[in-house]
Structures are given as C-alpha cells and as structure tokens.
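Participant: Quick one: the structure is below, questions incoming.
Here it is in structure tokens:
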C-alpha cells in the first residue's frame, strides 16, 4: 500500500500542542504499516510545499521533517500535487490522507472553499478513475467541510470530523479502516494468542515519555524495549510503544504500565473474521443487513468449528457520537452470523464487529457514510448486502476437514506402529535387552 499524508496545517502554525499531536499520530500510523508499505508527506502553504516522496515505512524518521507554515494553503493544489505524486507508482493500493488544521481566523478560508469546488469535483473523478481513495481529517467546523466530504465519498473514502483531543484516536481508526487489519481485543490488560495466530503487533499508550512498558509472555518471561530478540521489533515514542512479534507463544500475554483503552493488538492469523461490509456508503433510513463469518485459507468455517457458544456483536457509533449495540444470530442454511440496523442519521458511522467464543476473539472496524440512496449515487461505492459464503463452499470446507482429520489420524497410526516395530526389532536383536530394562525398572520401583 502507498499512503500519502497531506497537511494544510496553517491553523496549527505556532501551536506546539497541535504540532506535537500531529507528529505523534503520524509516527504511530507509519510505525504500524507493513514493511512493504510506503508513505510520503506533503505539508502545504500558499507558496511553500514541503514534500517527502514515497519511501519505505521503515524510514519513519522523515516524519520529524514536517513543517507547518503560517500561510493558508490552496487545498486543491495540495491534493493535485498528492495525486500527481502517488499516481506515478503502479501495483500498489493508493490512499491520500488530507488533514486540514484551518481555523476560523485563517485568511481566505471560505474563499478557498468556493474557488476550489469546481476543480475538486473534477479532481475527485480523476482520483476515482485511478483507484485512489481520499480520506479527510477535518479539525474545525469550517465552511467548505461539505465540499471535502463529498470529494472523499466520491473516491471511496470518508471525512472524519475531530478536534485536537480526539485527533490521535481518529488516526488510529483511520489505520484500522484503511489497512483493515484483524484486531485482537485486549481485556483487562491481557491478550490471548490462540493457535491460529502467526504474529501480532501491540499498540500500547504511555502516560509519560519515561514510562517503561513491560510485556509478559505466557511462560512468565518479561520483555522490554531493551530485551528484544529475533522475530521481535520494539519501537518506542513519547506517547506510545509498538511491539511486533512473529511466531508468538500461544497463551495469555500480560501488559504492564500501560492501561489505556486505546491499546490495540493487530494480528495475522489463518482463522479470519470476514464481513459483507464493502464500500463506504450505506442507504439512509433503510435496514442495513450485516453478515459475518470465519474462514481458514479462504474456506468458510462451520458453526461447530467456531463454537456454538460464540457471540457476535456490532457496536455502532452514530454521527452524534451516541453508540448502539446489536447482536447477531446464526443462520444455519446460510452459514453466517446475521444482524441489521437502520441508520436514522445521515453522516459517518463507525462499525466495530466483534466475535467471541471459547477459543477465539476477533474484531474488525469499518467506516461507512449513511446517505439517501438515489439512482444518481455512485452505487458501486454502496456496500453490498449479499453474503460471500455459499452452502457449496461450506460443504467443501467440511469435506476437507474430514479428509484432513482422517489423514492426520492415519499418519499418527503409522508413526506409533513404526516406533513399536523399531522397539520390537531392537529388542529381538539384543536378546530382549529392552524388555529386561523395563522389567528391572518395574522391580526397582516395587
């Protein structure tokens, strides 16, 4: 994936708190990217553009070079420059994240929005045609918000309305929406690694830059930033630590000296949670059907394999910041968990779907915008309500599970009998030495 960060931070110029939050949130996002991902930075003003071209995610030190000018930037020119920069590279999923710190005191703010409207509408078509998504982080309720909201929606992205206190949280949500990682929820500062999990990345918040976070393995061994080993990367910042561990030990891991609700664990697993939420739009005031299921290596999993006691829940955050929880039920003939809700408010909805059973705990996060559906809407951006799971796939999966189980049992049978044959052969060749050895052991015990 290629991610280009575009900042119109004129409203933050001279504000050390805002610049500090911006820098920390940006570093956090970059540190969470995969090694094969790339990122770039453009910080813009009227005549000044500080550009850091696309580079590997491991080169996070360039984040410190972001410069905020005191001028009001031309947003269209900034987005156009971002488009020209990121569209030159092929073979990667491409995303632009535009963050505007404009405030009501910024000069020509409304004029900029008015002059930009026609050009942005045309540019959004170019972005969509090039399969580039534009996400907008808007820090103030300034004239022009609707324009950038529409522009992002037209490209498959969304606009996040926020303030400096929730800015870091929004950037965390952005990562979860754009990269769509599978999340392992942390409960009581513990995360349970099941056998299907290959690796995990822990995001742990810090109260102060001097906080020393510890991570305890299921074996009892404690890990810290100075005790890293092969297959482990520990990145530390002023506000967070990020720990990446491959081939993680199965069992319960404990986190010490980090107690934030913002702590997250992102995993790579062979047992994956999937849903039918695709796209960035859902119809307003109409039932939106949600479906969730698991698969292993693209083969859907039956309810028996998940666990009949499994509970599936969706937490939905509305545009007015109120939340609602809905439960899912198992539909046997479709082999999926199903629920629905009716969006009564137009605007951005954050949906967190969580599945918990005796053996598995998983979560995914989605950002969708509820708007009235018309024939003029970009219905290819409308999220589908059709399930991807079919009975045929379930039967195929069940058949393969049975075949694999029988094959495993047969191999174990051969292995046991081979060992017994070898022992019998050695015993015969040594005139009963093995038999006599065990007989003496038995007599010694008695």
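In my numbering, the protein residues as written are 2 to 447.
Beta carbons are placed, not taken as given, at the ideal position from N, Cα and C, and that holds for glycine.
Please read these numbers as outputs of a predicted model, since none were measured by experiment.
1. Candidates 54, 347, 268 and 52: which alpha carbon is nearest residue 281's?
2. What residue ranges within the segment 205–287 form continuous alpha helix (DSSP H) runs of no fewer than 4 residues, ordered along the chain?
3. Only counting the same chain, and skipping five residues up and downstream in sequence, which positions put a Cβ closer than 6 Å to that of residue 202?
4. Is it the case that the Cβ atoms of residue 27 and residue 42 are separated by a distance below 9 Å?
5. Go ahead and pull the three-state DSSP assignment for residue 29.
6. Rounded to whole angstroms, how far is the Cβ of residue 33 from the Cβ of residue 243, which I believe are closer than 8 Å?
7. Hey, how far is the Cα of residue 18 from the Cα of residue 25?
8. Give the range of the alpha helix (DSSP H) segment to which residue 176 is assigned.
9. Can you name, in chain order, every residue of its own chain whose Cβ lies under 8 Å from the Cβ of residue 3, other than the five neighbours on each side?
10. From this set, 7, 83, 177 and 64, which residue's C-alpha is nearest residue 353's C-alpha?
11. Roughly how many angstroms separate the alpha carbons of residue 385 and residue 279, rounded to a whole number?
12. Determine the direct distance from the alpha carbon of residue 333 to that of residue 6, and round the result to whole angstroms.
13. Does DSSP classify residue 380 as helix, strand or coil?
14. What is the DSSP secondary structure of residue 130, counted as helix, strand or coil?
15. DSSP on residue 119, reduced to helix/strand/coil?
16. Any chance the segment 226–236 sits against the segment 155–169, with 3 or more Cβ pairs inside 8 Å?
17. So, do the segment 172–192 and the segment 258–272 have three or more beta carbon pairs nearer to each other than 8 Å?
18. Can you give me the start and stop residues for the alpha helix (DSSP H) that residue 154 sits inside?
19. To the nearest whole angstrom, what separates the beta carbons of residue 99 and residue 128, a pair I think is in contact under 8 Å?
20. Would you tell me roughly how many angstroms separate the C-alpha atoms of residue 20 and residue 163, rounded to the nearest one?
21. Give the single residue among 146, 184 and 153 whose Cα lies nearest to the Cα of residue 132.
22. The ligand ZN heavy atoms versus the CB of residue 90: any closer than 8 Å?
23. Using a Cβ-Cβ cut-off of 8 Å (strictly less than) and excluding sequence neighbours within five positions of residue 395, which residues of its own chain qualify?
24. Can you give the beta carbon distance from residue 272 to residue 197, rounded, assuming they're within the 8 Å contact cut?
25. In three-state DSSP terms, what is residue 78?
26. I'd like to check one pair, residue 370 with residue 283: are the Cβ atoms closer than 9 Å?
27. Between the alpha carbons of residue 188 and residue 253, how many angstroms are there, rounded?
28. Consult DSSP for residue 327 and reduce its assignment to one of helix, strand or coil.
29. Excluding the 5 residues flanking residue 179 on each side, which residues of the same chain have their C-beta closer than 6 Å to its C-beta?
30. Rounded to whole angstroms, what's the CA-CA distance from residue 75 to residue 64? Just pull it up for me.
31. Quick test of your reading: residue 277 and residue 291, contact by CB under 8 Å. State the CB separation rounded to the nearest angstrom.
32. Looking at the secondary structure, which residues open and close the beta strand (DSSP E) in which residue 316 lies?
33. With a 10 Å radius around its C-beta and 16 neighbouring C-beta atoms as the bar for buried, classify residue 45 as buried or exposed.
34. Answer yes or no: do residue 80 and residue 121 have a C-beta to C-beta separation smaller than 9 Å?
35. Pick out the complete beta strand (DSSP E) segments inside the segment 322–368, 3 residues or longer, and give them in chain order.
36. What residue does the alpha helix (DSSP H) around residue 98 start on, and which one ends it?
Facilitator: Walking through what the data contain:
1. Against the chain shown, residue 281 aligns to sequence position 280. Here the closest residue by C-alpha is 347.
2. none
3. Taking the first residue of the chain shown as 1, we reach residue 202 at position 201. Correct list, in chain order: 245 and 267.
4. As a first step, residue 27 must be located in the chain shown, where it is residue number 26. As a first step, residue 42 must be located in the chain shown, where it is residue number 41. Yes.
5. For the purposes of this step, residue 29 is taken as the residue at position 28 of the chain shown. It is helical.
6. Taking the chain shown and counting its residues from 1, the one referred to as residue 33 is at position 32. Taking the chain shown and counting its residues from 1, the one referred to as residue 243 is at position 242. That belief holds up - the Cβ atoms of residue 33 and residue 243 are roughly 7 Å apart, short of 8 Å.
7. The residue labelled residue 18 in the question sits at position 17 within the chain shown. The residue labelled residue 25 in the question sits at position 24 within the chain shown. Distance between the alpha carbons of residue 18 and residue 25 is about 11 Å.
8. Sequence index remark: in the chain shown, residue 176 carries index 175 (1-based). Note, residue 176: alpha helix (DSSP H), 168–180.
9. As a first step, residue 3 is located in the chain shown; it is residue number 2 there, counting from the start. Taken in chain order, the residues that qualify are 38, 39, 40, 41, 55, 87, 90, 93, 94, 95 and 96.
10. Looking up residue 353 in the chain shown gives position 352. The shortest C-alpha separation from residue 353 is found at 177.
11. Stepping through the chain shown from its first residue, residue 385 is reached at position 384. Stepping through the chain shown from its first residue, residue 279 is reached at position 278. Residue placement at residue 385 is flagged as unreliable, the pLDDT there being 46, under the threshold of 50; the coordinate-derived value follows with that caveat. Going from the Cα of residue 385 to the Cα of residue 279 covers about 6 Å.
12. Within the chain shown, the letter at position 5 stands for residue 6. Within the chain shown, the letter at position 332 stands for residue 333. Roughly 45 Å between the two C-alpha positions.
13. Residue 380 sits at position 379 when you count from the first residue of the chain shown. Residue placement at residue 380 cannot be trusted, given a pLDDT of 43 that sits under 50; what the coordinates show is reported in the next sentence. Residue state, collapsed to three classes: helix.
14. The residue given as residue 130 occupies position 129 in the chain shown. Residue 130 falls in the helix class under three-state DSSP.
15. Within the chain shown, residue 119 is the residue found at index 118, counting from 1. Of the three classes helix, strand and coil, the one that applies to residue 119 here is helix, per DSSP.
16. no
17. yes
18. As a working mapping, residue 154 is identified with position 153 in the chain shown. 146–155 is the span of the alpha helix (DSSP H), which, as asked, contains residue 154.
19. Numbered from its first residue, the chain shown carries residue 99 at position 98. Numbered from its first residue, the chain shown carries residue 128 at position 127. Their Cβ separation, rounded to whole angstroms, is 11 Å, which puts residue 99 and residue 128 out of contact at 8 Å.
20. The residue you call residue 20 lines up with position 19 of the chain shown. The residue you call residue 163 lines up with position 162 of the chain shown. Roughly 15 Å separates the two Cα atoms.
21. Here residue 132 is taken as the residue at index 131 of the chain shown, counted from 1. Minimum Cα distance to residue 132 is reached at 153.
22. The ligand ZN is not part of this structure, which contains no ligands at all.
23. For this step, residue 395 is matched to residue 394 along the chain shown. Because the pLDDT of residue 395 is 35, which lies under 50, any placement of that residue in the model is unreliable, and the number read from its coordinates should be weighed accordingly. The answer, listed in chain order, is 301, 303 and 336.
24. Locating residue 272 in the chain shown gives position 271, where the first residue counts as 1. Locating residue 197 in the chain shown gives position 196, where the first residue counts as 1. Indeed, because the Cβ distance is near 4 Å, the residues count as touching under 8 Å.
25. On the chain shown, position 77 is the one that residue 78 refers to. If DSSP states are grouped into helix, strand and coil, residue 78 belongs with the helices.
26. Within the chain shown, numbered from 1, the residue matching residue 283 stands at position 282. Within the chain shown, numbered from 1, the residue matching residue 370 stands at position 369. Result yes, Cβ atoms of residue 283 and residue 370 sit closer than 9 Å.
27. Working through the chain shown from its first residue, we reach residue 188 at position 187. Working through the chain shown from its first residue, we reach residue 253 at position 252. Going from the Cα of residue 188 to the Cα of residue 253 covers about 11 Å.
28. Residue 327 sits at position 326 when you count from the first residue of the chain shown. Strand at residue 327.
29. Residue 179 sits at position 178 when you count from the first residue of the chain shown. Correct list, in chain order: 96.
30. To locate residue 75, count along the chain shown from 1; it is residue 74. To locate residue 64, count along the chain shown from 1; it is residue 63. Approximately 22 Å, taken between the alpha carbons.
31. What you label residue 277 is simply residue 276 of the chain shown in a count that begins at 1. What you label residue 291 is simply residue 290 of the chain shown in a count that begins at 1. Right, their Cβ atoms sit about 7 Å apart.
32. For the purposes of this step, residue 316 is identified with residue 315 of the chain shown, where counting begins at 1. Its beta strand (DSSP E) spans residues 312–318.
33. Taking the first residue of the chain shown as position 1, residue 45 is located at position 44. It is buried - the Cβ of residue 45 has at least 16 other Cβ atoms within 10 Å.
34. Mapped onto the chain shown, residue 80 falls at position 79. Mapped onto the chain shown, residue 121 falls at position 120. In this structure, residue 121 lies closer than 9 Å to residue 80 by Cβ.
35. 324–328, 330–332, 337–342 and 348–357
36. As a position in the chain shown, residue 98 is number 97, starting the count at 1. No alpha helix (DSSP H) holds residue 98; the beta strand (DSSP E) holding it covers 95–101.
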